[in-house]
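Structure, as structure tokens:
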Amino acid sequence: MNNILECVEYLHESKPPVIHRDLKPDNILIDPNFGSNRCVKLCDFGLATDHDIDRQTASRYEHSIVGTIAYMAPEVTSRSKYNHKSDIYSLSLIGQQLFAIDLQASESFDAKESIFKNSEQCLYQTLAAMMSTPFWRQRPECREVLAKQNE
Numbered sequence: 001m002n003n004i005l006e007c008v009e010y011l012h013e014s015k016p017p018v019i020h021r022d023l024k025p026d027n028i029l030i031d032p033n034f035g036s037n038r039c040v041k042l043c044d045f046g047l048a049t050d051h052d053i054d055r056q057t058a059s060r061y062e063h064s065i066v067g068t069i070a071y072m073a074p075e076v077t078s079r080s081k082y083n084h085k086s087d088i089y090s091l092s093l094i095g096q097q098l099f100a101i102d103l104q105a106s107e108s109f110d111a112k113e114s115i116f117k118n119s120e121q122c123l124y125q126t127l128a129a130m131m132s133t134p135f136w137r138q139r140p141e142c143r144e145v146l147a148k149q150n151e
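Numbering-wise (full-length UniProt numbering), the sequence shown opens with residue 1 and increments by one.
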């Protein structure tokens, strides 16, 4: 999940910031043959738009419903004005899916590993709740989520 957050952080920290607007598992490519670290890439930027605050001109999609409905933030589905925080909402849903898959993949029971998984699960549940709040102003930035995960 950290690699995905880093990709989206790069978009959001760009000048001007880029909103992907269609983050979902199908648009995340993972190359498992990239050495010890997996190489994560985002794809399908067909709905992406810049969010140039300095320009003060509205994106033509700022109030339109675009993307995959199952991963859309509430402000997008309600045709409200939105910004890069709509991507954060989508990331929370992706992360919940990835975390559920990771827990199911763990076949052996080890007490130490179980304690680690439980603390990791509690941390991710807290972060996911912050990221998926219906109020975009209360959602953290990618860099804040990464900082919490690395504490």
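Don't be surprised by glycine CBs; every beta carbon is placed ideally from N, CA and C.
Asked	Found
Between the CA atoms of residue 45 and residue 24 - distance to the nearest angstrom	12 Å
DSSP state of residue 47 mapped onto helix, strand, coil	coil
Cα-Cα separation between residue 100 and residue 17, rounded to whole angstroms	31 Å
Reference residue 49, options 20, 26, 70, closest by Cα	20
Contact set for residue 76: own chain, Cβ-Cβ below 7 Å, skip 5 residues either direction	65, 67, 82, 86
Simplified DSSP assignment, three categories, for residue 148	helix
DSSP-derived helix/strand/coil call for residue 34	coil
Of the residues 22, 15, 69, 133, the one placed nearest residue 47, counting alpha carbons only	22
Where the alpha helix (DSSP H) through residue 23 begins and ends	Here residue 23 belongs to no alpha helix (DSSP H), and DSSP marks it neither H nor E.
Bridge partner(s) assigned by DSSP for residue 18	50
Beta-carbon proximity of residue 143 to residue 131, cut-off 7 Å	no
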